[in-house]
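Structure, as structure tokens:
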Amino acid sequence: MNRLKKIISLAASLSIFITITSGCNMPGTSSKNKINVFNWGEYIEPSILKDFTNKTGIKVNYQTYATNEEMYEKVKSGTNNYDLICPSDYMLDRMRKERLLQKIDYEKLPNYKNIDDKYKSQSYDKSNEYSVPYMWGTIGILYDKQKIKDKINSWNTLWNPKYKGQIFMSDDMRNSIGISLLRLGYSINSTNAQEIKKAANELMKQRSLVNPVYIGDQVKDSMRSGEKEIAFMYSGDAEVLKNEDSSRFEYVIPKEGTNIWFDNWAIPKNTKNKTAAEKFLNYLLDAKINKKNVDEIGYATPNKATLPLLDSKIRNDKSAYPDKNVLNKCHVFTDLGNARKLYSDAWLNITSK
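Using mature numbering (1 follows the signal peptide of the UniProt record, and there is no 0), the letters of the sequence shown map in sequence onto residues -24 to -1, 1 to 329.
Structure below.
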């Protein structure tokens, strides 16, 4: 079965499973035998949900989102009682500060010992009270090397008129503005109004130079089908495509540096089933279960017990697990505080043209 058919099949199976397990109940209702999980799209191996239910009797009502901001708004509204969410670093920090999360009882997570210490005590949760590391990775450029013969090593590629009509950009505000900031030599977390304005102006120029298409999770399928030759890409999605056809796809982390991101499980303040949520978290931390996830979705794992189980080709792939000299040029997104409005206003201007 080819990869595209596999994804369609898994999506169909997951849809059926969600329908069976959730029935007519949407987030907002809960029971001791059900949890409401809100996660990124294409970010779990679907059979894990069914296996967890078979093992524990706890049904998983599973829903997805496309951006951190979408997830934040739904959780903050209070109309959806999610038991588990998966915010990225900067968004977890914001939600923690706004008291939208509650502390996790790590004594209920014996498998938490599998998380490598270097992924704990991060800036967004220094005291390790609110988060459980799930996956990590970088953002970079994926290109079709059968069609692109030039050396690709810079974010400037995404502004090169030579590739007009052949570029996908991220529809995520932090990603695209962050790329533009790095290209100009600024911090990926700049809160300087003039720097943000310049970065936004460069994205406006990019539209006339290369006419990029802003895209989300579907970028993987779109590159697979040959719609364009170059794309902004998360490292895990790039790994999936590279593993499918290493003669065609190449992934690079640009020389100007990039974002290194960490996605973490967290428990919202208004959860109705914290005990079951922690059971699910502990299940996901099992080395073999985590391996199923890594094999399916392609991202790097913080689970030290999983690493020896992975194929050596994956463990040694520098796109997935970069060398220290590359990581030194990577930056974690931080919460922007009051500067968030500068970004959102700039993004509205960029995407409305």
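Just so it is clear, CB atoms sit at the ideal spot from N, CA and C, and this is done for glycine as well.
query = Skipping 5 residues on each side, what residues in its chain have a beta carbon closer than 8 angstroms to that of G313?
reply = The residue given as residue 313 occupies position 337 in the sequence shown. Closer than 8 angstroms at Cβ, skipping near neighbours: T167.
query = With contact counted as at least three CB pairs below 8 angstroms, one residue from each stretch, are the stretch 53 to 60 and the stretch 8 to 26 in contact?
reply = yes
task = Tell me whether T310 sits in a helix, a strand or coil according to DSSP, three-state version.
result = Against the sequence shown, residue 310 aligns to sequence position 334. Here T310 sits in coil by DSSP.
key: Stretch-stretch touch, CB-based, cutoff 8 angstroms, three pairs: the stretch 239 to 254 with the stretch 71 to 87   = yes
request  = Can you tell me which of M47, D120, K329 puts its alpha carbon nearest to the alpha carbon of E205?
outcome  = For this step, residue 205 is matched to residue 229 along the sequence shown. Comparing Cα-Cα distances from E205 to each of M47, D120, K329, the minimum goes to D120.
task = Go ahead and pull the three-state DSSP assignment for Y259.
result = Reading the sequence shown from its first residue, position 283 is the one you call residue 259. Y259 falls in the helix class under three-state DSSP.
ask   = Out of curiosity, what's the CA-to-CA distance linking G54 and R224?
value = Along the sequence shown, read from residue 1 onward, the residue named residue 54 stands at position 78. Along the sequence shown, read from residue 1 onward, the residue named residue 224 stands at position 248. Cα to Cα, the separation comes out at about 46 angstroms.
ask   = Any idea what DSSP makes of T234, helix, strand or coil?
value = Numbered from its first residue, the sequence shown carries residue 234 at position 258. If DSSP states are grouped into helix, strand and coil, T234 belongs with the strands.
query = Thinking C-alpha only, which one of L185, V228, V51, L283 is nearest N15?
reply = Looking up residue 15 in the sequence shown gives position 39. Selected option, being the one with the closest Cα: V51.
key: Residue interval of the alpha helix (DSSP H) (run including K218)   = To locate residue 218, count along the sequence shown from 1; it is residue 242. Looking at the DSSP string, the run of the alpha helix (DSSP H) that includes K218 is 211 to 220.
ask   = Which residue comes first and which comes last in the alpha helix (DSSP H) that contains E45?
value = To locate residue 45, count along the sequence shown from 1; it is residue 69. Here the alpha helix (DSSP H) through E45 covers 44 to 53.
ask   = Does DSSP classify P63 as helix, strand or coil?
value = If you number the sequence shown from 1, residue 63 lands on position 87. In this structure, P63 counts as coil in the three-state DSSP scheme.
key: Close beta carbons around S99, own chain, < 8 angstroms, minus the five adjacent residues each side   = By 1-based counting over the sequence shown, the position of residue 99 is 123. Contacts found: D65, D69, V308, T310.
task = Could you name the residues that DSSP lists as bridge partners for residue 330?
result = Absent from the structure is residue 330, since the part of the chain shown begins at -24 and ends at 329.
inquiry  = Under 8 angstroms: do the stretch 175 to 195 and the stretch 143 to 153 share three or more Cβ pairs, one atom per stretch?
reply    = yes
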